[in-house]
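The sequence shown begins at 0 in numbering that gives the first Met the number 0 and counts up one residue at a time. Where is the CB? At the ideal position from N, CA and C, for every residue including glycine. This one's a predicted model, so the numbers in the text were calculated from it and none came from an experiment.
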Amino acid sequence: MLTLLLVPALCSSLASAAGVSASSTGETEDGRHPASLAVDGLLTTAWAAEGGDDAGPQWIELDLGRPTELHGVSLWGGNIAQGTRSFREYGRPRVVRILVDGKEVAGPVRLQDEVARVDIPVEATGRRVRVVIDESFKGYVFDPVFVAEVAINFPDLGSHGQSWQAWLQSPAAARKQEAFEQELRERYDAYKADEFGDRDALAWIMDAAAEGAPYIRQEAQRRVPIGFRAQAIPSSEEARIALRKLKDPNAIPALEMAMLRSTGEEAERIRDTVEIFRAYQELIGNQNRTAPPWGETGFWRGALQSFGEPLAIERDAEGNLYVADTGNNRVQRFGENGLVNRTWGPPPEITDTWFQEGRPYYVSGSRPGDEPGAFLNPLDVELIPGKDGTGFAVLDAAGRVQVFDASGAVTAAWTVDADNLPDPGVGGEGYLAWSPKRGRLYAFLEDTCHVFDLEGTELDSFEIEDGTPSAVEILPNGRLLLAFRGEVVRYDDGFRHSVVIDEQQLGRGFEDLDLSLDEKGRVWVVTDDAVAYRFKKPGKLDYQVRLRDHSLSRPRFAVYDDMLWITTEDHIEVIDAAQAWYDAQQQDEAVRADELDL
C-alpha cells in the first residue's frame, strides 16, 4: 500500500541484507529503511541513507552472486511513495558514480531534481555493483537521502527472464491472476457504491497499479534475484484501467509510479493518463472560479490561455472587447470594467488538441469542435458593424470561418480551401479583415489571401508577394496594410503597392508587432519592445511613446481615443498612450531643466 510519511531517525552503522549492503540505514517511526528495500522491485519502499551537511558520500552495493554482463544501471532516486510531495520532503541523489568490483565505470552523473527513472549506460562485467552518492539534493523537511530502487540492465531480465515468464504462464499463476481480477472488480464496485468513494478500495487499486498485482510481487521476491526485480514486476494494466474509469485525481501518484516502471509505448500511454488526471484535477478544482478584471492564465470565465500564441483583440463602438482565446478554444467578450459579459464556445473540456500537432492534455475553457459556435484554436476575430449592431467573424486553426450576427448567432460557416494551415509559433497565425466599403472578408492563411462574401462564397484569392504577414489591417478605403518584419506594406486588389511604414520609422529593437486603426481611421503600431506609434496617415508619424519599461509578449491590441487594450501574457494591459506621452514629455523637460541648472 502507499505508505504514510513519518519522521525518520537514522542509524549510520554499516547494514547489509541478502546480497545488498549500504553505508548507512535510516529508521522511521514506521520501521527501518534498509538497503534491501532498494532491490525489492517496489517503488513505494526505499533505502534511506544518512543525510545532512556532515553526512558525506553514501553508497549502496549489490552483490549479484556471480559475474554478470552489465549494460546499464537504473536508479529511482528519492522517496516517491507519495509522489512529488514525499520526493521534495526528503533528500535525493544529485551526483552519482557507478563502480563494478571496485572500479569506476560510469560517472560522475548529475541527476535532475525530478521524479524519474535514470538509466545510466554501463559496459562492464562484474559481480559487485556499487552506486556512490557524492552529492545530494537537500530535503525541504528531512535530511535522509532516499533511493527507491536500483536495477541492473533494466528492462531486460537476462538469463532470469525465461524461467520467470514460464512461471507467469503456468496454471498456478493463471489461478492467482483470476483471483486478483475478481478482487479488483470487488474493490472497484465498493468504490462506486460509496457516496464519497471508498478510500480503502481506491488505495488497493492504486497499489496494484503502482506496484503490480500482489501475487506477482510475492513470487518475484522468491524467484527473481536482486537487481532484476523491478523489471519482473509490471504495473497492473487492469488496475490502471479501473483508475481511468474512476477518474479520481488522488490516483495520480500511483499512475506516476506505474509510468516510472514502464518503458516505450506503455510508458507513453500511462503518461497520457497522468496528464488527463492532472487536467481533470484542475477542472474540478477551478470550474466555478472567475478571473479578476482583465484576465489571468487559466480556463475559467474571464481567464485566457495562449501557450505563447498571440491573442487577437477587437473593440466595438460600445466599448466591448472581443478576444480570440486561442488555447481555450473560445471567444470572450470583455466589458469596459474588464469582466467578461459573454462567451462563445461549448463548456470546458480536457483536450490534447492544439493546431495540427497536438500537445499534452490540459483543460480548455471550451471543448474544441467543428460544429456551429465551436472552434479549434481561434486565431483572429474581426468585427462586422451593421444596422442592427455589431457582428463578428472568427478564423480558427482548422481554416474554418464563422460569421456571427449582432445577437451572437452563427449565420454562416465554411472552411477555407488552403494548401497550408497555420502552425503554432511566430509567423504561423491566420488573420481576418473586413471591408464594409467593398463588402469583402479577407482571410489570410500563411502566404495566401482568400476573399469571401459573408455567405462564404470565395470571390478571389492571391498569393502575398512578401510571404506570410505578421499583422494585418484594412483601411477605410478597402486597401490592405500587411506587416513583414520591420515594414508595413500596402496591398490593393491583390497587388503589392508600396512600403508605407519602414524600419527607419519603427527601428529594429523588436521582433513582433501589431497594427490597428482608431475611431478616426488613424494607423497605430505597437511593438513587442513596448513602443506605440500613432500615424496621421500611413507613413507620416504623429507621435511615438514607450508604454512600459519591460517588453510585451506577442502583443495584439485595440485602440480608441488613444487608449490601448493590449493582450500579452494571458491578460489585457490597459494603457493610456496619450498620458504616457505627456508624462514622458514632462520627464524630458525636467531633465533638461536640471541640465541647465548645472
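The beta-carbon distance between Gly-77 and Phe-145, rounded to whole angstroms, is 5 Å. This is short enough to meet the 8 Å contact definition. Scanning Pro-371, Lys-386, Gly-385, Asp-387 for the CA closest to the CA of Val-393 turns up Pro-371. Nearest C-alpha to Tyr-139 among Arg-65, Lys-175, Phe-86: Phe-86. DSSP places Asn-152 outside both helix and strand once states are collapsed to three, so it counts as coil. Shown here, Tyr-542 sits in a strand according to DSSP, grouped into three states.
When DSSP states are grouped into helix, strand and coil, Tyr-89 belongs to the coil group. Scanning Arg-545, Gly-508, Gln-401, Glu-60 for the CA closest to the CA of Leu-375 turns up Gln-401. Under the Cβ criterion (8 Å, minimum of three pairs), the stretch 103-118 counts as touching the stretch 68-76.
Secondary structure of Lys-536 (DSSP, three-state): strand. For Arg-109 and Arg-260, the gap between their C-alpha atoms comes out near 21 Å.
For Ala-396 against Phe-443, the beta-carbon gap comes to about 13 Å, at or over 8 Å, which does not count as contact.
Sequence-distant partners of Gly-477 (beyond 5 residues in either direction) whose C-beta falls short of 6 Å from its own C-beta, in its chain, are Ser-434, Lys-436, Arg-437. Beta-carbon to beta-carbon, Ala-229 and Ala-150 are separated by about 4 Å, close enough to satisfy the 8 Å threshold.
When DSSP assignments are scanned along the stretch 199-270, the uninterrupted stretches of alpha helix (DSSP H) that are 4 or more residues long and fall wholly within it turn out to be 213-222, 228-231, 236-245, 251-259. Per the Cβ contact rule, the stretch 264-280 is not in contact with the stretch 384-391 (fewer than 3 Cβ pairs under 8 Å).
Each of Gln-503, Ile-215, Gln-504, Val-487 was checked against the Cα of His-496, and the nearest Cα belongs to Val-487. DSSP places Tyr-190 inside the alpha helix (DSSP H), whose first and last residues are 170-192. Under DSSP, Trp-353 forms no beta bridge with any residue. According to the DSSP secondary-structure assignment, Phe-333 is paired through a beta bridge with Leu-320, Val-339. With a cut-off of 8 Å on Cβ pairs, the stretch 39-47 is not in contact with the stretch 91-102, counting fewer than three such pairs. Between the stretch 516-524 and the stretch 533-553 there are three or more C-beta pairs closer than 8 Å, enough to call the two in contact.
Cβ contact annotation for Val-558 (same chain, cutoff 7 Å, sequence separation greater than five): Ser-515, Asp-517, Trp-523, in chain order. Under DSSP, Phe-451 shares a beta bridge with Leu-440, Glu-457. Annotation: the continuous alpha helix (DSSP H) that includes Leu-505 extends over 502-505. In summary, Gly-344 is buried, with 16 or more beta-carbon neighbours lying within 10 Å of its beta-carbon over all protein chains present. By the Cβ rule, the stretch 325-342 counts as touching the stretch 355-367, because three or more pairs are nearer than 8 Å. Counting C-beta atoms within 10 angstroms of its own C-beta, Asp-561 has 16 or more neighbours from the protein chains shown and is therefore classed as buried.
Ranking Lys-244, Ala-209, Gln-280 by CA distance to the CA of Glu-255 puts Ala-209 first.
Three or more beta-carbon pairs separated by less than 8 Å are not found between the stretch 279-290 and the stretch 234-242, which leaves the two stretches without contact. Of all alpha-carbon atoms in Thr-566, Ile-59, Ala-412, Tyr-581, the one lying nearest the alpha-carbon of Thr-296 is that of Thr-566. In this structure, Pro-224 sits away from Gly-125, with a CB-CB distance that is not shorter than 8 Å.
For Leu-595, the enclosing alpha helix (DSSP H) starts and ends at 576-596. Each residue's CA atom was taken as its position, placing Arg-439 and Val-330 some 22 Å apart. Within the DSSP bridge table, the entry for Ile-59 names Ala-21, Val-130 as partners. Beta-bridge pairing by DSSP links Gln-161 to no other residue.
With contacts defined as CB atoms closer than 8 Å, Pro-291 and Asp-324 fail to qualify as a contacting pair.
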